[in-house]
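Counting in this note's numbering, the sequence shown runs without a single skipped number right up to 553 at its last residue. Where a beta carbon is used, it is the ideal one built from N, C-alpha and C, also for glycine. Please read these numbers as outputs of a predicted model, since none were measured by experiment. Notes follow once the structure below has been shown.
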Amino acid sequence: MTLAELLPAIQQLSATEKLKLIRILAEDLDVVKDIAPLETFKTYELPTPYDSFGAGAVLMEALKQTKIVVNNVCNSSNELARESQ
């Protein structure tokens, strides 16, 4: 049975029945070994902006440059519109 065949029946379920279905599907996925790329009890490095000194300044400079480019494009577009009138 395909998902397209199941969806109409699922959409007719009550909210409680949908939650039960979600729970059943989640438990079913929990026992499948090959779906999670992460290993149990392994520590993974997660990059964050904390202790990234100077990152804010780099982002602000990038935003300023983007604003300059956008303004230049808008000005050029306005000039072309005036010339075509």
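Start and end of the alpha helix (DSSP H) containing residue i?
i: residue 476; result: 471-479
i: residue 493; result: 483-499
Let me know the secondary structure DSSP gives residue i once reduced to three states.
i: residue 544; result: helix
i: residue 538; result: helix
Am I right that residue i and residue j are in contact with their C-beta atoms under 8 angstroms? What's the rounded C-beta distance?
i: residue 523; j: residue 517; result: 6 angstroms
i: residue 489; j: residue 478; result: 7 angstroms
Between residue i and residue j, what straight-line distance do the alpha-carbon atoms span, to the nearest angstrom?
i: residue 528; j: residue 550; result: 33 angstroms
i: residue 540; j: residue 546; result: 10 angstroms
i: residue 482; j: residue 500; result: 27 angstroms
i: residue 526; j: residue 535; result: 14 angstroms
i: residue 498; j: residue 474; result: 21 angstroms
i: residue 544; j: residue 530; result: 21 angstroms
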